[in-house]
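One structure is given below, encoded as structure tokens.
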Amino acid sequence: GNSVTQMEGPVTLSEEAFLTINCTYTATGYPSLFWYVQYPGEGLQLLLKATKADDKGSNKGFEATYRKETTSFHLEKGSVQVSDSAVYFCALNIQGAQKLVFGQGTRLTINP
Amino acid sequence: EAGVAQSPRYKIIEKRQSVAFWCNPISGHATLYWYQQILGQGPKLLIQFQNNGVVDDSQLPKDRFSAERLKGVDSTLKIQPAKLEDSAVYLCASSSNRGGETQYFGPGTRLLVL
């Protein structure tokens, strides 16, 4: 089946630290991959996406590279800010099935 | 461009009562989704509409949940009767194509069943 596994949270970092949130997937087809972010009290917002192998998605200083050989889509940011505190969800969308499958989410807290 | 609208934002009911949630997607978006997000978990798709037709409702508990999208625009999700385990955030999302690449989410309705 299709599934997404994210690293266990919560993750707590200091401001300006380097961030990595791991995401691996299992898919029967050729998925597109996404990172969504959920700020406190708000709905999910698309952070970045990649639609094929070796694509790199980027937005707001965050990056993730679609690695087909390791079935991974790890989220990285070089220097986090307090405002990045949120829950981050990795997701895949199988072309043809056309629905999002989410990971369990990783809660990130950045301390000043 | 206005985003996905949902109401109410919060709802508290007792078990065995009924409740309804409303969603208005982004204008022109043909595909509408309802997700259930239980605390500490990722969203789980309940039902997907393409215009006013159901594309996927395989994970909708049909004995108590129902949804409709009359006229292919806004949608209503109903639970009758509610159970304690239905406590969750109900998210509505829309996309421009059938299962289009990017889904845009509303703020959600937080339901507490006592």
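Chains as they are written, first to last, in the numbering used here: chain A, 1 to 112; chain B, 113 to 226. Glycine is no exception: its CB is placed at the ideal position from the N, C-alpha and C atoms.
Going by the DSSP bridge assignment, what does residue i pair with across the sheet?
i	result
ASN22(A)	Per DSSP, none; premise fails for ASN22(A).
ALA27(A)	Beta-bridge pairing links ALA27(A) to no other residue.
ARG107(A)	VAL87(A)
SER178(B)	LYS190(B)
LEU157(B)	TYR147(B)
ARG222(B)	TYR122(B), VAL201(B)
GLN215(B)	Looking at the DSSP assignment, GLN215(B) forms no beta bridge with any residue, so it has no partner.
Which whole-angstrom value describes the C-beta separation of residue i and residue j, a residue pair presumed to lie in contact below a C-beta threshold of 8 Å?
i	j	result
SER3(A)	THR26(A)	5 Å
SER207(B)	LEU224(B)	Contact doesn't hold; Cβ gap of about 29 Å is too wide.
LEU189(B)	TRP146(B)	5 Å
ALA64(A)	HIS74(A)	6 Å
GLN192(B)	ALA205(B)	Wrong, their Cβ atoms sit about 23 Å apart, outside the cutoff.
VAL116(B)	PRO137(B)	6 Å
TRP124(B)	LEU226(B)	Residue identity differs from the one stated: residue 124(B) is Ile in this sequence, not Trp. That pair is a contact at about 7 Å.
THR109(A)	THR71(A)	28 Å between Cβ atoms; not a contact.
LYS99(A)	LEU151(B)	Between LEU151(B) and LYS99(A) the Cβ distance is about 22 Å, and since that is not below 8 Å, they are no contact.
CYS135(B)	ASP186(B)	6 Å
PRO173(B)	LEU203(B)	Actually they are not in contact, since the Cβ atoms of PRO173(B) and LEU203(B) sit about 17 Å apart, beyond 8 Å.
GLY61(A)	LYS49(A)	Incorrect: roughly 16 Å between the Cβ atoms, too far for contact.
Would you mind telling me which residues of chain A sit closer than 7 Å to residue i, beta carbon to beta carbon, in chain order?
i	result
GLY220(B)	GLY43
GLN215(B)	LEU100
From the DSSP output, in three-state form, read off residue i for me.
i	result
GLY140(B)	coil
LYS49(A)	strand
GLY184(B)	helix
ASP94(B)	Absent from the model: residue 94(B). The displayed extent of chain B is 113 to 226, so no value can be given.
LEU151(B)	coil
GLU197(B)	helix
SER208(B)	coil
VAL131(B)	strand
VAL116(B)	coil
LEU85(A)	Here residue 85(A) is Ser; the residue named in the question, Leu, does not match the sequence. SER85(A): coil per DSSP, three-state reduction.
ASN2(A)	coil
GLU126(B)	coil
GLU76(A)	strand
ALA17(A)	coil
GLU63(A)	strand
GLY57(A)	strand
TYR39(A)	coil
THR12(A)	strand
ASN163(B)	coil
Listing by chain order, which chain A residues have their CB less than 9 Å from the CB of residue i?
i	result
ASP186(B)	Within 9 Å Cβ-Cβ: nothing; ASP186(B) doesn't reach chain A, min ~17 Å.
LEU203(B)	GLY43, LEU44
For a contact meaning CB atoms closer than 8 Å, what does residue i contact in chain B?
i	result
PHE89(A)	GLY154, PRO155
GLY57(A)	Residues of chain B passing the Cβ test: none, with the nearest at roughly 11 Å.
Anything in chain A within Cβ reach of residue i, meaning under 8 Å, just list it in chain order.
i	result
ASP286(B)	For residue 286(B) there is no data in the structure shown, the boundaries of chain B being 113 and 226.
Beta carbon of residue i: closer than 7 Å to some heavy atom of the ligand ADP?
i	result
ALA64(A)	Ligands displayed in this structure: none; no statement on the ligand ADP is therefore possible.
I'd like to know whether the C-beta of residue i is nearer than 8 Å to at least one C-beta of chain C.
i	result
GLN129(B)	Among the chains of the structure shown, chain C does not appear; the protein chains present are A and B.
Whose Cβ in chain B lies nearer than 9 Å to the Cβ of residue i?
i	result
GLN104(A)	GLY152, GLN153, GLY154
Is the number of C-beta pairs between the segment 6 to 19 of chain A and the segment 39 to 47 of chain A that are closer than 8 Å three or more?
no
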